[in-house]
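Quick mapping for you: the protein sequence lines, in order, are chains A and B. Residues in the first sequence are numbered from 2 upward in steps of one, following the working numbering. Residues in the second sequence are numbered from 2 upward in steps of one, following the working numbering. Don't be surprised by glycine CBs; every beta carbon is placed ideally from N, CA and C.
Protein chains: 2
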Amino acid sequence: MFHIMVVEDDQALNKLICRVLIKNNYEVVPAFDGEEALSLLDQNYIDLIITDLMMPKVDGYDLTKELRESGYQLPILVVTAKDTFPDKLKGFKLGIDDYMVKPIDVNELLLRVEALLRRARIIYEKKLEFPHVCLDYINLTVTVDGKSQILPQKEFQLLYKLLSFPNQTFTRQQLMDELWGYDSETDIRTVDVHVNRLRDRFREVPYFQILTVRGLGYKGMVEK
Amino acid sequence: MFHIMVVEDDQALNKLICRVLIKNNYEVVPAFDGEEALSLLDQNYIDLIITDLMMPKVDGYDLTKELRESGYQLPILVVTAKDTFPDKLKGFKLGIDDYMVKPIDVNELLLRVEALLRRARIIYEKKLEFPHVCLDYINLTVTVDGKSQILPQKEFQLLYKLLSFPNQTFTRQQLMDELWGYDSETDIRTVDVHVNRLRDRFREVPYFQILTVRGLGYKGMVEK
DNA sequence: GAGAATTATGAACGTTATATGAACGGCTGA
DNA sequence: TCAGCCGTTCATATAACGTTCATAATTCTC
Numbered sequence: 002m003f004h005i006m007v008v009e010d011d012q013a014l015n016k017l018i019c020r021v022l023i024k025n026n027y028e029v030v031p032a033f034d035g036e037e038a039l040s041l042l043d044q045n046y047i048d049l050i051i052t053d054l055m056m057p058k059v060d061g062y063d064l065t066k067e068l069r070e071s072g073y074q075l076p077i078l079v080v081t082a083k084d085t086f087p088d089k090l091k092g093f094k095l096g097i098d099d100y101m102v103k104p105i106d107v108n109e110l111l112l113r114v115e116a117l118l119r120r121a122r123i124i125y126e127k128k129l130e131f132p133h134v135c136l137d138y139i140n141l142t143v144t145v146d147g148k149s150q151i152l153p154q155k156e157f158q159l160l161y162k163l164l165s166f167p168n169q170t171f172t173r174q175q176l177m178d179e180l181w182g183y184d185s186e187t188d189i190r191t192v193d194v195h196v197n198r199l200r201d202r203f204r205e206v207p208y209f210q211i212l213t214v215r216g217l218g219y220k221g222m223v224e225k
Numbered sequence: 002m003f004h005i006m007v008v009e010d011d012q013a014l015n016k017l018i019c020r021v022l023i024k025n026n027y028e029v030v031p032a033f034d035g036e037e038a039l040s041l042l043d044q045n046y047i048d049l050i051i052t053d054l055m056m057p058k059v060d061g062y063d064l065t066k067e068l069r070e071s072g073y074q075l076p077i078l079v080v081t082a083k084d085t086f087p088d089k090l091k092g093f094k095l096g097i098d099d100y101m102v103k104p105i106d107v108n109e110l111l112l113r114v115e116a117l118l119r120r121a122r123i124i125y126e127k128k129l130e131f132p133h134v135c136l137d138y139i140n141l142t143v144t145v146d147g148k149s150q151i152l153p154q155k156e157f158q159l160l161y162k163l164l165s166f167p168n169q170t171f172t173r174q175q176l177m178d179e180l181w182g183y184d185s186e187t188d189i190r191t192v193d194v195h196v197n198r199l200r201d202r203f204r205e206v207p208y209f210q211i212l213t214v215r216g217l218g219y220k221g222m223v224e225k
């Protein structure tokens, strides 16, 4: 779901934080100093960073500075033993979002991570992520290899439904019930038309497709 | 400048916080319980709330709940003596943004206020900068490739909002709420008219645009 | 392989959402 | 006080969408 980078040179603490995050359904990318963090950031999509301040090579301050100066706006949460006001001042002035003093309560960490994601409007993006493909429910947007397009609502909802449960066959009636409402009087074949349009739209995209299950309905398939 | 409401039943602390904020150029609206806070919120434009949890009549939890349920998205910073995890959990789940435990360092409070305003894009910098394009909130000025023009207020605010969160779709209602006020009775279609005028105005500019998300609202796009 | 059943596809249509132009009235500053 | 700007409303034009329908293509059954 959300991708969080944990930058912390203390191996044990790094591992602890990562484990807690993973347990709470975050995707985690660990790094052990600021330099590694910067290079990993280029290669991974990251929603939020949790970072220590004191670290070898590039420290937390410089990491923050680098990121903000190169335009990264992602939330940065500092976890550190430094408890003096000047440290906090420096951190906040560089553009961090939150500051926790060790020893930290990992449960509070989770709460603060969530609050930051919410505030940065990252968390409300109901998303479906696959390799090469991402569906954004809020924006009705399908992104394939970085290229986004907005779909009409019905088409989007249909695709979203089918890809939410890949390989599971849905009858037309099921789809009608869920997307059109249980009492809809719309012709059941309307589903076909939308499926057809989706196929047209993504004819060239190899990463997913909608299969017909004759006699039953349709099913979504991802990344053969 | 920015308008901050301080909700705290301890008169001395309330006064202290207000004084510090005023000294740092914030406009302050004090309230001494949640009920008063709610009624003052209707009458004043507020950017951020600092609130205690334990208060007579409506407490901090209920205040937060009320606000979030009626659509207010402004940052809420809790200042409280309650230091247990369940308290924090409850607070964050209700939608607070930050949590400080008494006794607090007012200087750190200032830093956190600043961080929240920045993150909520309540224009701490009062500027939005992209390649080729810069929006100056103070002067209502949009600069494209060095050429500046002043926009009418509503048009400017709308553009500013949309470009503050590029690629995020805003419903007309959200935009109305934030730019016109939660209780505004202005026709929702007024948003369309302003969008239309902005498009007219920047028709020739390739660096940003406002896209329609049919059935939902609008979103800003920067530098395709 | 023929006919029946099912699905695919393209075109057309009505509906709804949005875009656009024009006009009105209030406010502001000269 | 008046002109001009601004925000708003309204009426109408336009475009997008969802649906239906007719027909073609495919698959299944016997």
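The residues 219, in chain order, have a CB closer than 7 Å to that of residue 213 of chain B in the same chain once the five nearest residues on each side in sequence are set aside. Assignment of beta strand (DSSP E) within the region 145 to 193 of chain A, counting only whole runs of 3 or more residues, yields 148 to 151, 170 to 172 in chain order. Residue 35 of chain A places its beta carbon less than 8 Å from that of residue 56 of chain A. In this structure, DSSP gives residue 205 of chain A a state outside helix and strand, which the three-state scheme calls coil. Neighbours of residue 216 of chain B in chain A, taken as residues whose beta carbon is under 7 Å from its own, are 154 in chain order. Judged by pairs of C-beta atoms under 8 Å, the region 102 to 116 of chain A does not touch the region 169 to 179 of chain B, as fewer than three such pairs exist. According to DSSP, residue 220 of chain B shares a beta bridge with B/170, B/212. Residue 29 of chain B carries a strand assignment under DSSP once its states are collapsed to helix, strand and coil. The criterion of a C-beta distance shorter than 8 Å is not satisfied by residue 65 of chain B and residue 51 of chain B. When C-beta atoms of the region 150 to 158 of chain A are compared with those of the region 16 to 36 of chain B, fewer than three pairs fall below 8 Å, so the two segments do not count as touching.
Put simply, the region 91 to 110 of chain A touches the region 80 to 99 of chain B. At least three CB pairs are less than 8 Å apart.
Using a Cβ-Cβ cut-off of 8 Å, residue 139 of chain A counts as an interface residue toward chain B, since at least one Cβ of chain B sits closer than that to its own.
Taking C-beta atoms as the reference points, residue 134 of chain B and residue 46 of chain B fail to come closer than 8 Å.
Boundaries of the beta strand (DSSP E) harbouring residue 131 of chain B: 128 to 131, taken from the DSSP string.
With respect to the 8 Å criterion, residue 9 of chain B and residue 53 of chain B are classified as neighbours on the basis of their beta carbons.
The count of Cβ pairs closer than 8 Å, one atom from the region 137 to 144 of chain A and one from the region 197 to 208 of chain B, stays below three, leaving the stretches out of contact.
Residue 16 of chain A has its alpha-carbon roughly 39 Å from the corresponding atom of residue 163 of chain B. Residues of the region 83 to 97 of chain A with a C-beta atom less than 9 Å from some C-beta of chain B are 86, 89, 90, 92, 93, 94, 96, 97, listed in chain order. Residue 70 of chain B is classed as exposed because its beta carbon has fewer than 16 other beta carbons within 10 Å across all chains shown.
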